Amino acid sequence: MSKNILDDAVEGSPIMRALATAARFRRAVRELARDEAEEDFWTTGEEAALAGAEEPMRLAAQDAVVFASGSWRVQVRQRGASHELTLTEGGAGASIRSGSTIVQLHQGVPVDVLVEEGAQSIVLLDARGRQITLSRND
Amino acid sequence: MSLLLPTTEYAGAAHPESTLLAVSDPLPDRVRRFLRTLDDGKVLLEDFHRHVHSASRAYPDAYFALGRRTPDAVVDLAHRVFATCSRVKKGRFPFMGREPFAAYVEEAFDGRTIRYHSFYAKLSITREILRADYEHNLSSHPMLRWRANLYRDVGLALRRVAVAPTAGTPVRWSIPARGPVSRVPPEHLSAGLRALRSTDLDTLIRDALVRAGPLTQAQLTWILEEVLPVPDQEEEPDVVPSSMTDNIAVRQAVLGAWHGLDDEARELLGMLAEGLQYEEIIQRDPRFKHKVAVNRAVARCTQAFVAAIAVAMGSEGTNAEVPAKVAEAIIEVLIDCVPELRARVGAPGGGK
């Protein structure tokens, strides 16, 4: 193999020669494992059929907007013309004002609410009626 | 010998993806109950054993813990897949920063989709762990180290003698044929290559590509592994502490050496730690086309790492020959401790 400036420079430095060789070996290990994975060396026809069966999906996590503050967290998803809000973290007894109605919140249970488009914050009421402002997490 | 595991809930269907699943697939409920109350853990783990066994059955020994595909190794793999699904947050699609079980429940995935992402997809949790074990074995087993070195040498030879398309993965290298050629299937190439009685990679690769048509670097490596003489096993260095990468003193010495470098030396060492060849280095940073810059950076790195190597080997600090395993440990620690290097290289089997 023809030499280059770097080869000449590390010729006089066993440390650097060893480090460069070790790193290139490490890269070869990584790339060999990656190539065998990408080429499906070890899958059979059945796995290949399963692998080809995935349909493109849009995740609920990609649709939801999250509002949070401290130990409180809600997810809001659009459902047609309205919004679905789910309390994912927070204390019992919380509620939210939706128009002229107070809607009780239970952790993990989605409720229909009115949320202003592009809202940057949401106000909850805790069990004692204190307001808690949750900010949007993008 | 295959392990036959019970498939009672599939009512006699031998294939895990029976159409009976369309009627009732218990997997999503089992995951949900396990996540909420830890109920059904034993049954869920049995599901995992069965599918991990199925997904991993074609893999060779090199992909399993300790380099052997034994029943215990498959069980160990299933346990690690289960533990990862329940406890490790994954950044990639479809997990999006969540533990896989949590993602499955929040997204209301059906059983087929859960099995796909846990066991059967190219990027499934199971295949990710298999690949991480393979990388570990490639680095530690002498015969597998030879395979990794051969792969690297094949790559260098391909760049000398063949051409690759500008797009598409995996990359298939070729040599333009002169006139019509009768192609040989890759699996039948070895005998013809052995008949050449050559160990020159350029010669063997040219012949392989002309006779078989476009091949990938990994395919050529596997073919040439059957053709080339197996080298004698490497001798272990006299003193290589097994836990060098976990040694606090070594880690501190390596990090201290790194932080003691100026920008130029750090940039060169960073690219060397990625495993880049000189042509790739000067493409990224044209400073290193100049001999003065290269010599200066190499000298500074040498000076900085003399002490770190001495700590690792428990010896005096001199610019002397370094055993391969010590150098690999130093690189491992460097990548582990320096976030920007880790981001460039990527952690194997990690939460990307």
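Order-wise, the sequence lines are chains A and B. Under this note's numbering, the first residue of the first sequence carries the number 1, and numbering increases by one thereafter. Under this note's numbering, the first residue of the second sequence carries the number 1, and numbering increases by one thereafter. Every residue gets a Cβ at the ideal spot worked out from N, C-alpha and C, and that includes glycine. Predicted model, so just to flag it, every value in this text is computed and none were measured.
Distance, residue j Cα to residue i Cα
i	j	result
Asn-149/B	Ala-58/B	24 Å
Leu-114/A	His-83/A	6 Å
Ala-119/A	Leu-125/A	17 Å
Leu-35/B	Thr-84/B	13 Å
Leu-5/B	His-117/B	Confidence at Leu-5/B is low in this model, with a pLDDT of 39, below 50, so the placement of that residue is unreliable and no value is reported for it.
Ile-373/B	Thr-44/A	What the structure shows of chain B is the stretch from 1 to 352, and residue 373/B is not part of that stretch, so it cannot be assessed.
Val-326/B	Met-313/B	7 Å
Arg-77/A	Ala-18/A	55 Å
Asp-202/B	Gln-277/B	19 Å
Val-10/A	Asp-110/B	56 Å
Gly-91/B	Ala-103/B	11 Å
Ser-56/B	Arg-98/B	25 Å
Lys-89/B	Leu-123/B	15 Å
Ser-54/B	Thr-88/A	36 Å
Asp-112/A	Phe-93/B	28 Å
Trp-42/A	Leu-228/B	23 Å
Asp-40/A	Trp-173/B	18 Å
Phe-25/A	Arg-152/B	7 Å
Ile-248/B	Glu-31/A	29 Å
Lys-42/B	Arg-32/B	14 Å
Ser-198/B	Val-345/B	35 Å
Val-105/B	Pro-286/B	50 Å
Asp-7/A	Pro-231/B	25 Å
Ser-13/A	Ala-64/A	56 Å
Lys-3/A	Ala-191/B	34 Å
Arg-127/B	Ala-33/A	11 Å
Beta-carbon spacing of residue i, residue j below 8 Å
i	j	result
Ile-5/A	Thr-302/B	no
Phe-82/B	Phe-119/B	no
Ile-125/B	Pro-100/B	yes
Gly-213/B	Arg-183/B	yes
Ala-20/A	Leu-272/B	yes
Gly-90/A	Arg-73/A	yes
Leu-189/B	Arg-160/B	no
Ala-343/B	Thr-245/B	no
Leu-85/A	Met-96/B	no
Leu-156/B	Pro-186/B	no
Val-29/A	Glu-135/B	yes
Gly-275/B	Arg-27/A	yes
Ala-22/A	Ala-324/B	yes
Pro-71/B	Asp-35/A	no
Leu-220/B	Val-294/B	no
Ala-37/A	Arg-131/B	yes
Gln-217/B	Leu-158/B	yes
Close Cβ partners of residue i (< 6 Å) along its chain, the five nearest in sequence each way excluded
i	result
Glu-264/B	Ala-297
Ser-121/A	Thr-133 and Ser-135
Arg-68/B	Asp-61
Phe-67/A	Val-74, Ile-122, Leu-134 and Arg-136
Leu-44/B	Arg-30 and Phe-34
Leu-27/B	Gly-111 and Ile-114
Asp-39/B	Arg-33
Residues near residue i by beta carbon distance below 8 Å, same chain, minus five either side
i	result
Ile-282/B	Phe-288 and Lys-289
Ala-65/B	Ala-73, Asp-76, Leu-77 and Asp-133
Ile-175/B	Val-161, Ala-162, Val-163, Arg-206, Leu-209 and Val-210
Arg-87/B	Glu-99
Cys-337/B	Arg-251, Val-254, Leu-255 and Trp-258
Contacts around residue i, its chain only, beta-carbon distance under 7 Å, and the 5 residues preceding and following it disregarded
i	result
Val-322/B	Ile-309
Glu-225/B	Arg-147 and Leu-150
Gly-52/A	Only weak support is given to the placement of Gly-52/A: the predicted model assigns it a pLDDT of 48, under 50, and the value that follows is read from those uncertain coordinates. Around Gly-52/A: no qualifying Cβ.
Leu-334/B	Val-254, Trp-258, Ala-273 and Leu-341
Gln-104/A	Ser-95
Asp-238/B	Low confidence applies to Asp-238/B: its pLDDT is 46, below 50, so where it sits in the model is not reliable, and the reading given next is rough at best. None.
Val-306/B	Gly-317, Thr-318 and Asn-319
Val-311/B	Ala-249, Val-250 and Ala-253
Ser-98/A	Val-113 and Leu-114
Val-240/B	Note that Val-240/B has pLDDT 49, beneath the 50 cutoff, so the model's placement of it is unreliable and the number below is only indicative. Taken in chain order, the residues that qualify are Pro-323, Lys-325 and Val-326.
Any non-hydrogen atom of the ligand NAP within 7 Å of residue i CB
i	result
Gly-270/B	As presented, the structure is devoid of all ligands, the ligand NAP included, so that no description of it is given.
**OP:** Could you pull out every unbroken beta strand (DSSP E) segment of at least 3 residues lying fully inside the segment 70–110 of chain A, listed in chain order?
**Re:** 72–79, 82–89, 95–98 and 101–104
Subject >> Residues in the segment 20–34 of chain A having any Cβ partner in chain B nearer than 8 Å >> reply: Ala-20, Thr-21, Ala-22, Ala-23, Arg-24, Phe-25, Arg-26, Arg-27, Ala-28, Val-29, Arg-30, Glu-31, Leu-32, Ala-33 and Arg-34
Subject >> Every unbroken alpha helix (DSSP H) inside the segment 98–168 of chain B [4 residues or more] >> reply: 100–106, 111–115, 125–140 and 142–161
Subject >> Those runs of the alpha helix (DSSP H) which lie wholly inside the segment 223–281 of chain B and span at least 4 residues >> reply: 248–259 and 263–273
**OP:** Note down, in chain order, all residues in the segment 89–109 of chain B with a beta-carbon under 7 Å from any beta-carbon belonging to chain A.
**Re:** Pro-94, Met-96, Glu-106 and Glu-107
**OP:** Give the residues from the segment 7–20 of chain A that approach chain B closer than 9 Å (Cβ to any Cβ), ordered along the chain.
**Re:** Listed by position along the chain: Asp-7, Asp-8, Ala-9, Val-10, Gly-12, Ser-13, Pro-14, Ile-15, Met-16, Arg-17, Ala-18, Leu-19 and Ala-20.
**OP:** Could you list the residues in the segment 252–274 of chain B with a C-beta less than 8 Å from some C-beta on chain A, going in chain order?
**Re:** Result list: Leu-269, Leu-272, Ala-273 and Glu-274.
Original post:
Going along the chain, which unbroken runs of the alpha helix (DSSP H) with 4 or more residues stay wholly within the segment 42–109 of chain B?
Top reply: 71–87 and 100–106
**OP:** Please name the residues in the segment 131–145 of chain B whose beta-carbon is closer than 7 Å to at least one beta-carbon of chain A, in chain order.
**Re:** Arg-131, Tyr-134, Glu-135, Leu-138 and Ser-139
Subject >> Contact set between the segment 313–332 of chain B and chain A, restricted to residues whose Cβ is under 7 Å from the partner >> reply: Asn-319, Ala-320, Glu-321, Val-322, Ala-324, Ala-327, Glu-328, Ile-330 and Ile-331
Original post:
Between the segment 188–218 of chain B and chain A, which residues of the former have CB atoms less than 9 Å from a CB of the latter, in chain order?
Top reply: Thr-216, Gln-217 and Ala-218
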